[in-house]
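To get my numbering, take the position in the sequence shown, counting from 1, and add 59.
Using N, Cα and C, we set each Cβ at its ideal position, and we do this for glycine too.
Input: a single structure, listed below in structure tokens.
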Amino acid sequence: MSRSDPVSALRGYLVNPAERRLRAPWRIGLWILLAGFGAVVLTLLFAVVPAPTGETGVVAALYALAELGWGFLAMGVAGLGFGYLLDRRTLADFGLGLDRQWWRDAGFGLALGLGLPTLVLVAQVAVGWTAVTSVLPATTGGTFGLASTGAVVGLALLVPFFVVQASVEEILVRGYLLTNLAEGAAGAVGRAASTVAATVLTGALFGVLHWTNPSATLLSVTNITLYGFLLGACYVLTGRLGIACGFHVAWNYGLSLWDFPVSGLDTGVALVGTEATGPELVTGGSFGPEGGLIALPLLALGSAALYWWVRREYGRVEILDDIAVPELRIPARDGERGS
Numbered sequence: 060m061s062r063s064d065p066v067s068a069l070r071g072y073l074v075n076p077a078e079r080r081l082r083a084p085w086r087i088g089l090w091i092l093l094a095g096f097g098a099v100v101l102t103l104l105f106a107v108v109p110a111p112t113g114e115t116g117v118v119a120a121l122y123a124l125a126e127l128g129w130g131f132l133a134m135g136v137a138g139l140g141f142g143y144l145l146d147r148r149t150l151a152d153f154g155l156g157l158d159r160q161w162w163r164d165a166g167f168g169l170a171l172g173l174g175l176p177t178l179v180l181v182a183q184v185a186v187g188w189t190a191v192t193s194v195l196p197a198t199t200g201g202t203f204g205l206a207s208t209g210a211v212v213g214l215a216l217l218v219p220f221f222v223v224q225a226s227v228e229e230i231l232v233r234g235y236l237l238t239n240l241a242e243g244a245a246g247a248v249g250r251a252a253s254t255v256a257a258t259v260l261t262g263a264l265f266g267v268l269h270w271t272n273p274s275a276t277l278l279s280v281t282n283i284t285l286y287g288f289l290l291g292a293c294y295v296l297t298g299r300l301g302i303a304c305g306f307h308v309a310w311n312y313g314l315s316l317w318d319f320p321v322s323g324l325d326t327g328v329a330l331v332g333t334e335a336t337g338p339e340l341v342t343g344g345s346f347g348p349e350g351g352l353i354a355l356p357l358l359a360l361g362s363a364a365l366y367w368w369v370r371r372e373y374g375r376v377e378i379l380d381d382i383a384v385p386e387l388r389i390p391a392r393d394g395e396r397g398s
């Protein structure tokens, strides 16, 4: 069949023959359709679990958290599963090479994610913008229905929920989308530029995804977009999702510990009860620190800490443009790689 044959030409636009897989734009589009459908189907499976009737306390809270957590887990399983099949990448190429360094990075991310909300508490109490009102409170207005469990049990139940929720968001937004966007644009603008552009685009998407959260404002979306850039940097400077996952999990949990809203959501339990008394423009008010100007110096501190860690662990701080070069489970045939 001639190279000028229309069918062959169309196939060349759709499929990379050297890699034997769809080119990046078609992979991403098909992934969105398949992963979305798979997530809906898996989420609906939770309906077979009967809701507890007349139950309160731990049983009711477990069901409510499981229902929310199952939705995130369904998105993660469908997204990573279909991505793995369509992309033919190794898991390490999605940032999930769970080696020793990955876990060291995750530990650093956890420490940073807990440390920054704690710094917010200390600073705002010191200047009189936050008042500590109680110890181990459990409020009835919580988003997750944890008030009836008591604070200690409720805080324990939040750990697996935030591990699933935050990790899934990082795997889908950074591990899958950022990686594919970087690879897809590499041929047009170069690997380094495409990696930077993918980091910016997925950071903006991360911010927009929080636009519908309770009490969201233009400032909160802007701040979360900037934090999306930081989470993207955690990935493109290390090639691993360890820091991003650890930071995201611990940030959400740390806000809960000090009774700050988590992106506008009230978990209903805390280690200490607090009340924001300072200007909402600074403290974020009912959205939490992510919705106020306090988020900006924290972002600077987080960026400096990331720079220090990467330089300490990896020797130098540079964008790993190899993220735009796929590591495939099935070796490519002879020929130039690229999407």
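From the listed residues 378, 349, 327, 373, the smallest Cα separation to residue 196 is found for 327. For residue 335, there is no enclosing alpha helix (DSSP H); the enclosing beta strand (DSSP E) has its first and last residue at 331 to 335. Taking 8 Å as the upper bound for CB-CB distance, residue 120 and residue 207 are in contact here, some 7 Å apart. Taking 8 Å as the cut-off, the beta carbon of residue 165 is found no closer than this to the beta carbon of residue 137. Between the region 247 to 259 and the region 346 to 353, the count of C-beta pairs closer than 8 Å stays below three; the two stretches do not touch. In terms of Cβ geometry, residue 300 and residue 155 form a close pair [threshold 8 Å]. Between the C-alpha atoms of residue 283 and residue 85 there is a straight-line separation of about 29 Å. Residue pairing by DSSP places residue 189 opposite 335 in a beta bridge.
Between residue 274 and residue 344, the beta carbon gap of about 7 Å places them in contact (Cβ cut-off 8 Å). For residue 272, the three-state secondary structure derived from DSSP is coil. Short of 8 Å from the beta carbon of residue 128, and not among the five residues preceding or following it, lie these beta carbons of its own chain, in chain order: 219, 220, 223, 224. With a threshold of 16 other beta carbon atoms within 10 Å, residue 70 falls short and is exposed. Excluding the 5 residues flanking it on each side, residue 285 has same chain C-beta neighbours closer than 7 Å at 358, in chain order. Taken through DSSP and simplified to helix, strand or coil, residue 123 comes out as helix. In the DSSP assignment, residue 372 falls within the unbroken alpha helix (DSSP H) covering 354 to 373. In the structure shown, residue 324 adopts extended strand secondary structure according to DSSP, grouped into three states. By DSSP's assignment, residue 280 forms no beta bridge with any residue. Of 303, 101, 292, the smallest CA-CA separation from residue 162 is found for 303.
When DSSP states are grouped into helix, strand and coil, residue 299 belongs to the coil group. Residue burial is scored here from C-beta neighbours: residue 176 has at least 16 other C-beta atoms within 10 angstroms and is therefore classed as buried. Shown here, residue 110 sits in coil according to DSSP, grouped into three states, outside any helix or strand.
Unbroken alpha helix (DSSP H) runs of no fewer than 4 residues, entirely contained in the region 138 to 213, are found at 159 to 185, following chain order. Per the coordinates, the alpha-carbon of residue 336 lies some 28 Å from the alpha-carbon of residue 212.
Here residue 318 is near residue 329, since their CB atoms are less than 8 Å apart. Taken atom to atom, the span from the alpha-carbon of residue 294 to that of residue 112 is near 44 Å. The beta carbons of residue 313 and residue 287 sit no closer together than 8 Å. Residue 169 and residue 290 have their C-alpha atoms roughly 13 Å apart. Of the other Cβ atoms in all chains shown, 16 or more fall within 10 Å of the Cβ of residue 152; this residue is therefore buried.
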